[in-house]
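All you need for the working numbering is the position in the sequence shown, starting with 1, plus 1118.
Below is one structure; the comments refer to it alone.
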Amino acid sequence: MKRARLVLAAVLVVGALLYLIIGGIRGAIVYYTTPSELLAQGASAVGRSMRLGGQVAPGSKKWNAQTLDLRFVLTDGTASIPVVHHGAPPDLFTEGQGAVVEGTYGSDGMFTAHAIIVKHSEQYAPPASP
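Okay, structure coming up:
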């Protein structure tokens, strides 16, 4: 009887630990929607907070240093979404670079970002010396 209670208690503790570990891993994974997936969602995507990922389309970056407005287009090669962000862009933010933006999709088709995360190569190359 004592042994059965001990085994039951051990199973409950292990189960609780597994639940916490799996929940922590799920929360740490960063998911994002591509422009094609966002457009496929249609009106159900409007107003929802989400992450949108893709490449910054060449020639689309427009930076206004006076108003701190940054406008660019994120593309996945099939679909494109215009993005507006108020604030300075990250240092590594360039056209043709991968990026993930966090924000909301508007009914006007514009994605308003409150954060920009630049995706970069895993290989580090120090800047060239002058």
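Beta carbons: idealized from backbone N, C-alpha and C, even for Gly.
Asked                                                                               : Found
Exposed unless 16 or more other CB atoms sit within 10 angstroms - verdict on T1151 : buried
Heavy atom of the ligand ADP within 7 Å of I1139 beta-carbon                        : By its list of ligands, the structure shown contains no ligand whatsoever, and the ligand ADP lies outside what it can speak to.
P1176 in three-state terms, based on DSSP                                           : coil
Coarse secondary structure for K1166, derived from DSSP in three states             : Before going further, note that residue 1166 is Arg rather than Lys in the sequence given. It is coil, neither helix nor strand.
C-beta contact flag for L1130 and Y1223 at 8 Å                                      : no
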